[in-house]
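Data first, discussion second: the structure below is written as structure tokens.
Protein chains: 2
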Amino acid sequence: MQKAAIERNNETIAAQLTPVGRETVQDRVYSELRRALIGGLFEPSQVLTIRGLADALVTSTMPVREALGRLITEKALEALPNRSVRVPPITLERIDDLLRARSLIEGEAIALAAARMNARQIATVEAMLGEWDEMRALKHKKDIDREATLNQSFHFEIYRCCGSAVLIPMIESLWLQSGPCIRVAIYAFSDAGEVDTAHYHRSIVAALARQDAQAAREALVADISRPFAFLRDKLQSASKEGLRA
Amino acid sequence: MQKAAIERNNETIAAQLTPVGRETVQDRVYSELRRALIGGLFEPSQVLTIRGLADALVTSTMPVREALGRLITEKALEALPNRSVRVPPITLERIDDLLRARSLIEGEAIALAAARMNARQIATVEAMLGEWDEMRALKHKKDIDREATLNQSFHFEIYRCCGSAVLIPMIESLWLQSGPCIRVAIYAFSDAGEVDTAHYHRSIVAALARQDAQAAREALVADISRPFAFLRDKLQSASKEGLRA
DNA sequence: TCAACGCAAGTGTGATCACAAATCAAAGTC
DNA sequence: GACTTTGATTTGTGATCACACTTGCGTTGA
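Protein chains in written order, with our numbering: chain X, 1 to 245; chain S, 1001 to 1245.
This is the structure in structure tokens:
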């Protein structure tokens, strides 16, 4: 019975090797498109074609069309009656709609998380606060992409603690939908002068640290409302311009 | 310039014809699978294969695999590491999770709807109440499928009035996820004796009629909690049985 | 007797082709 | 000159094939 020995041997091998996984092309395409959408690499109303994306991603059309189908069901993309697909356009109603849904669901998620986070988990998000300051210190080079990524990690690190396998995918879907809008707002932000995202994040962490669910929810809503409110104003003045012209 | 005349002619023709649309096979497969899932035709933990479904639906594998992919991203189905796909199994945590999410989001939707519904819309859902009683009158033949369909129509008729294009797809996704669980509960219900769904629906309509958002929310939560609570008890006693054995 | 091996059927994934619909541009018509 | 028509190109959809992986069962070996 040297079975135990073989078992041990296999375990030591497993400990040395990093699992390569068996990610399909379709999965890679899907995450790549997700990343692009949340990061705002696509503009609202931009039309996407299967063959175009397949060329850009250097694959065949097959994985792309399945990934697009999945993104359409998540409302991250929009299927036009022409059967072509585009990034959903920004409208005032949609902005308010998205903000309300995000406040509701992400607010619930952080309230749940506030009651469940342990010291280690709080320390993790606190550390991300430091990372943010660090990045801000060398502000000569504004790296909007890096800021967006860090912001996303911060939020989802918290949401992951809410213990709900149902809410988190919904939040991801909401980020996917608001990604293109938000990015437009962020660009406008950095033109219009600095905003202290770090301040909002600090008050979120403070509320979490004292397990104050209500305060955490309010701080979070304040944080996510900012770009939406900014975008809303921008859109309203733009439409007034349009009316005048 | 007889363009206007042609236009008019086309319009009169269009008024007579019912649009056949240009629904793709993929769309039909997708809605069929949705219907089956919400209706609970698939059992939790049941494994589905692409070729099997393609045979059952009399199409090729192509539309089926895309539909399955979409359902997986909505968490209506689950992708196993083996790359096979199954209906998500029922667990206690999942039941609580789904109920919490549904209470939160559908509660918000009905609260919004309460403030927005006009007399005609309220009359519509009131009429559905009557339809329910009618069906119940000839209760000799319990048609669970018909009850489920009517229940779904009732709820979504209300939700559609909330004016949010973001919330409604999320609610659909939640129904898709809870469909298989609920159906198990409903079957157990009808064994365990009658429950007065109509009573809950009546109090929902009453609250909507007097635009009482809070009452509507509470009545709704009571309505959707019932099968979940029932299922929860059933599962708990079953697991106790399992432990004893 | 039982575990390990190996073969065969079944399954998901990706590529390619055929086809229909949409789009765009140039030529034609009033 | 404005509008329609026609033809070429582009695009999404569905079918089919090839390949890799998994699974199940029967055989082999100790």
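Where a beta carbon is used, it is the ideal one built from N, C-alpha and C, also for glycine.
Is it right to say residue i is buried, meaning 16 or more other beta carbons lie within 10 angstroms of its own, or is it exposed?
| i | result |
| --- | --- |
| H1155/S | buried |
| E1074/S | buried |
| H968/S | Chain S is shown from 1001 up to 1245; residue 968/S falls before or after that span and cannot be answered. |
| R102/X | buried |
| A114/X | buried |
| L104/X | buried |
| E1106/S | buried |
| D196/X | exposed |
| A109/X | buried |
| S237/X | exposed |
| A1005/S | Note on A1005/S: pLDDT 47, under 50, position unreliable in the model; no value is reported. |
| D223/X | buried |
| L80/X | exposed |
| G40/X | buried |
| M1/X | Low confidence applies to M1/X: its pLDDT is 42, below 50, so where it sits in the model is not reliable, and the reading given next is rough at best. It counts as exposed. |
| S31/X | exposed |
| A1207/S | buried |
| D1233/S | exposed |
| A76/X | buried |
| S1153/S | exposed |
| F228/X | buried |
| R1034/S | buried |
| P63/X | buried |
| R244/X | With a pLDDT of 47 at R244/X, under the threshold of 50, the modelled position of this residue cannot be trusted, and the question is left open. |
| K3/X | Because the pLDDT of K3/X is 47, which lies under 50, any placement of that residue in the model is unreliable, and the number read from its coordinates should be weighed accordingly. Exposed, since its Cβ has fewer than 16 Cβ neighbours within 10 Å. |
| A1127/S | exposed |
Which residues of chain S have a Cβ atom closer than 7 Å to the Cβ of residue i, listed in chain order?
| i | result |
| --- | --- |
| L98/X | V1166 |
Residues of chain S with CB under 9 Å from residue i, in chain order?
| i | result |
| --- | --- |
| P169/X | T1073, E1074, K1075, S1173 |
Check the C-beta distance from residue i over to residue j and give it rounded, since I have them as a contact under 8 Å.
| i | j | result |
| --- | --- | --- |
| E66/X | G1179/S | So it is not a contact: roughly 23 Å between Cβ atoms. |
| L98/X | Q177/X | 6 Å |
| L1048/S | V1085/S | 5 Å |
| I38/X | W175/X | 5 Å |
| I204/X | A213/X | Actually they are not in contact, since the Cβ atoms of I204/X and A213/X sit about 12 Å apart, beyond 8 Å. |
| T1061/S | I1072/S | About 16 Å; that fails the 8 Å criterion. |
| L270/X | I95/X | Residue 270/X lies beyond the stretch modelled for chain X, which goes from 1 to 245, so this question has no answer here. |
| I1168/S | R1160/S | 7 Å |
| V25/X | T59/X | 6 Å |
| D124/X | E157/X | The question names Asp, but residue 124/X is Thr in the sequence shown. Yes, they are in contact, since the Cβ atoms of T124/X and E157/X sit about 6 Å apart, within 8 Å. |
Along chain X, in chain order, which residues have C-beta atoms closer than 7 Å to that of residue i?
| i | result |
| --- | --- |
| E1108/S | L104 |
Would you mind telling me which residues of chain X sit closer than 8 Å to residue i, beta carbon to beta carbon, in chain order?
| i | result |
| --- | --- |
| E1066/S | R65, E66, G69 |
Mind listing the chain X neighbours of residue i? Cutoff is C-beta to C-beta under 9 Å, in chain order.
| i | result |
| --- | --- |
| A1101/S | I105, E108, S164, V166, L167, M170 |
Can you give me the start and stop residues for the alpha helix (DSSP H) that residue i sits inside?
| i | result |
| --- | --- |
| M1062/S | 1061-1073 |
| Q26/X | 25-38 |
| L92/X | 92-116 |
| E1147/S | 1144-1159 |
| V1205/S | 1197-1209 |
| L53/X | 50-57 |
Measuring from the CB of residue i, is there a heavy atom of the ligand FMN at a distance below 7 Å?
| i | result |
| --- | --- |
| G69/X | Ligands in the displayed structure: none, and consequently the ligand FMN is not present. |
Measuring CB atoms only, is the region 43-60 of chain X touching the region 168-187 of chain X, in the sense that at least three cross pairs come out at less than 8 Å? Yes, since at least three Cβ pairs between the region 43-60 of chain X and the region 168-187 of chain X fall closer than 8 Å, the two stretches touch.
Determine contact between the region 1117-1128 of chain S and the region 116-135 of chain X, defined as no fewer than three beta-carbon pairs at a distance below 8 Å. Counting Cβ pairs under 8 Å, fewer than three are found: no touch.
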